[in-house]
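Whatever position you read off the sequence shown (first residue = 1), add 1236 for the working numbering.
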Amino acid sequence: MLFSPGVSMRTFDGQSSTYYSRTRPLYPAELYYWLSQQVAAPSVVWDCACGTGQASVDLAAYFDRVEASDISESQITAATPHRKVNYQVCPAEKTPYPDHYFDVVCVAHALHWFNLEAFWAELKRVLKPGGMFVCWGYNWLQVGEAEDKAIAESVLPHLATYWPPQSRLLWNQYRDIQFPFALMDVPEFELSCHWTVTQTLDFIRTWSASQLRIQEQGEEFLVNASPIIRDAWSEPSKKQEVRLPFFVKAGRFT
1237 MLFSPGVSMR TFDGQSSTYY SRTRPLYPAE LYYWLSQQVA APSVVWDCAC
1287 GTGQASVDLA AYFDRVEASD ISESQITAAT PHRKVNYQVC PAEKTPYPDH
1337 YFDVVCVAHA LHWFNLEAFW AELKRVLKPG GMFVCWGYNW LQVGEAEDKA
1387 IAESVLPHLA TYWPPQSRLL WNQYRDIQFP FALMDVPEFE LSCHWTVTQT
1437 LDFIRTWSAS QLRIQEQGEE FLVNASPIIR DAWSEPSKKQ EVRLPFFVKA
1487 GRFT
């Protein structure tokens, strides 16, 4: 992930990389298939701000080569190895990739952290003429009425002052971002996971606001919230469907 001023790189470094690789959701397979149908084969894709490689490995099933980069060394260290994925540490705005190299550039749940003016310039440099850019993300989680209420009441008040301003771009599904190309019509995709209450709590821990509060004040708010959320969980010993409202933005550089 690439951070704007005021957001510490430690937010997604260190211990949180373990939680990222373990709890961040896998994106819909239908998205990757659709994306693969938009470009000619063979093709090369860049997974920009790849984190621990959730999207990188899945992209490798549909593309000939995947270049995956992230500014966080610990995220790359924790990334899932794959023979078709080449990981490296670098910022999104300044990369070692050749000019007009990629057929597709993807950003999964990270565009809101970028210096967009500099990134658009780098994107135009590394994409082939007519190349495609696609970004996606999700905002919030939905489990059930009782579970959602428990999370809202036991967690959110403690995070209110810790959300980085960039999070609002994500919450509004990037509608406030001015893209330097015309947006395409994109099919609707659904994102859901089947998680235990423990997995859900680990996911909450990875939120940027959670990480910032933990750095400043420790984990007590999560320790206190845990029994409240567990009590609200309809079947504490079983996995439940957790829905993550999902959106995709895409377009081509001419």
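Yeah, the Cβ is synthetic: ideal placement off N, Cα and C, and Gly gets one too.
Item to check | Three-state secondary structure (DSSP) of N1460 | outcome: The residue labelled residue 1460 in the question sits at position 224 within the sequence shown. Collapsing the DSSP output to three states places N1460 in a helix.
Checklist entry - Curious, which full-length beta strand (DSSP E) runs of at least 3 residues does the segment 1355-1436 contain? => result Fully enclosed beta strand (DSSP E) runs of 3 or longer: 1363-1374, 1428-1431.
Checklist entry - Is the distance from the Cβ of L1363 to the Cβ of L1427 below 8 Å? => result Counted from its first residue, the sequence shown places residue 1363 at position 127. Counted from its first residue, the sequence shown places residue 1427 at position 191. No; because the gap between Cβ atoms is not below 8 Å, this pair is not in contact.
Item to check | For K1485, the residue or residues it bridges with in DSSP | outcome: Counting from 1 along the sequence shown, the entry for residue 1485 is found at position 249. Looking at the DSSP assignment, K1485 forms a beta bridge with C1371.
Checklist entry - How many Å lie between I1413 and D1421 at the Cα? => result Along the sequence shown, read from residue 1 onward, the residue named residue 1413 stands at position 177. Along the sequence shown, read from residue 1 onward, the residue named residue 1421 stands at position 185. Looking at the two C-alpha atoms, the distance is approximately 17 Å.
Next on the checklist: By DSSP's criteria, D1306 is part of a beta bridge. Which residues make up the other side?
Outcome noted: Residue numbering aside, residue 1306 sits at position 70 when the sequence shown is read from its first letter. According to DSSP, which records beta bridges pairwise, D1306 is partnered with V1325.
Item to check | Helix, strand or coil at D1294 [DSSP, three-state] | outcome: Along the sequence shown, read from residue 1 onward, the residue named residue 1294 stands at position 58. DSSP places D1294 in helix when its eight states are reduced to three.
Item to check | Inter-stretch contact (C-beta, 8 Å, three-pair minimum) for the segment 1455-1472 and the segment 1342-1353 | outcome: Contact between the segment 1455-1472 and the segment 1342-1353 is absent: fewer than 3 CB-CB pairs across the two stretches fall below 8 Å.
Checklist entry - Using a threshold of 7 Å, is the CB atom of Y1333 nearer than that to any non-hydrogen atom of the ligand GTP? => result What this structure holds is no ligand at all, so the ligand GTP is not there to describe.
Checklist entry - Relative to the C-alpha of Q1453, which residue among L1395, W1431, L1437 is closest? => result On the sequence shown, residue 1453 is found 217 positions in, with the first residue counted as 1. The candidate whose alpha carbon is nearest that of Q1453 is L1395.
Checklist entry - Can the beta-carbon of V1280 be found closer than 8 Å to that of D1300? => result Here residue 1280 refers to the residue found at position 44 of the sequence shown. Here residue 1300 refers to the residue found at position 64 of the sequence shown. Taking 8 Å as the Cβ cut-off, V1280 and D1300 qualify as a contacting pair.
Item to check | Nonlocal neighbours in the same chain, by C-beta distance under 7 Å from V1508, ignoring five residues either side | outcome: Residue coverage of the chain in this structure runs from 1237 to 1490, which leaves residue 1508 outside it and unanswerable.
Next on the checklist: Please classify K1320 as buried or exposed, where buried requires at least 16 neighbouring CB atoms within 10 angstroms.
Outcome noted: As a first step, residue 1320 must be located in the sequence shown, where it is residue number 84. Exposed is the call here.
Item to check | Span of the beta strand (DSSP E), counted from its first residue to its last, around R1479 | outcome: As a working mapping, residue 1479 is identified with position 243 in the sequence shown. Unbroken beta strand (DSSP E) run through R1479: 1476-1479.
Next on the checklist: My output table needs one value for D1283: the three-state DSSP class, helix, strand or coil.
Outcome noted: The residue you call residue 1283 lines up with position 47 of the sequence shown. D1283: strand per DSSP, three-state reduction.
Next on the checklist: Considering only their Cβ atoms, is the gap separating A1265 from A1344 smaller than 8 Å?
Outcome noted: The residue labelled residue 1344 in the question sits at position 108 within the sequence shown. The residue labelled residue 1265 in the question sits at position 29 within the sequence shown. The criterion of a C-beta distance shorter than 8 Å is not satisfied by A1344 and A1265.
Checklist entry - Would you call Q1447 buried or exposed, if buried means 16 or more other Cβ atoms sit within 10 Å of its Cβ? => result Within the sequence shown, the letter at position 211 stands for residue 1447. By the 10 Å Cβ count, Q1447 comes out buried.
Item to check | Minimum C-alpha distance to A1388 - residue among A1314, Y1398, L1377 | outcome: Reading the sequence shown from its first residue, position 152 is the one you call residue 1388. The option with the nearest alpha carbon to A1388 is L1377.
Next on the checklist: My output table needs one value for D1300: the three-state DSSP class, helix, strand or coil.
Outcome noted: Within the sequence shown, numbered from 1, the residue matching residue 1300 stands at position 64. Correct three-state label for D1300: coil.
Next on the checklist: I'd like to confirm the pairing. Which residues does DSSP put opposite F1338 in its beta bridges?
Outcome noted: Locating residue 1338 in the sequence shown gives position 102, where the first residue counts as 1. According to DSSP, F1338 bridges with L1363.
Checklist entry - How long is the line joining the alpha carbons of G1289 and A1315, rounded to whole angstroms? => result Position 53 of the sequence shown holds residue 1289. Position 79 of the sequence shown holds residue 1315. Answer to the nearest angstrom: the Cα atoms are 5 Å apart.
Checklist entry - Count the other CB atoms within 10 Å of the CB of T1442; is the residue buried (16 or more) or exposed (fewer)? => result Residue numbering aside, residue 1442 sits at position 206 when the sequence shown is read from its first letter. By the neighbour-count definition (other C-beta atoms within 10 Å, threshold 16), T1442 is a buried residue.
Checklist entry - Is it right to say Y1298 is buried, meaning 16 or more other beta carbons lie within 10 angstroms of its own, or is it exposed? => result Position 62 of the sequence shown holds residue 1298. With 16 or more Cβ atoms within 10 Å of its Cβ, Y1298 is classed as buried.
Checklist entry - What does A1344 pair with, by DSSP beta-bridge criteria? => result Taking the first residue of the sequence shown as 1, we reach residue 1344 at position 108. The secondary-structure analysis by DSSP pairs A1344 across a beta bridge with W1372.
Next on the checklist: What does the alpha-carbon distance come out to for the pair R1404 and W1356?
Outcome noted: Position 168 of the sequence shown, counting from 1, holds the residue named residue 1404. Position 120 of the sequence shown, counting from 1, holds the residue named residue 1356. Between the alpha carbons of R1404 and W1356 lies a distance of about 20 Å.
Checklist entry - Where does R1449 sit, in a helix, a strand or coil, going by DSSP? => result For the purposes of this step, residue 1449 is taken as residue 213 along the sequence shown, with counting starting at 1. In the three-state reduction of the DSSP assignment, R1449 falls in the helix class.
Checklist entry - Does the distance from the CB of G1487 to the CB of F1415 come in under 8 Å? => result In the sequence shown, residue 1487 corresponds to position 251, counting from 1. In the sequence shown, residue 1415 corresponds to position 179, counting from 1. Yes, Cβ-Cβ distance for G1487 and F1415 is below 8 Å.
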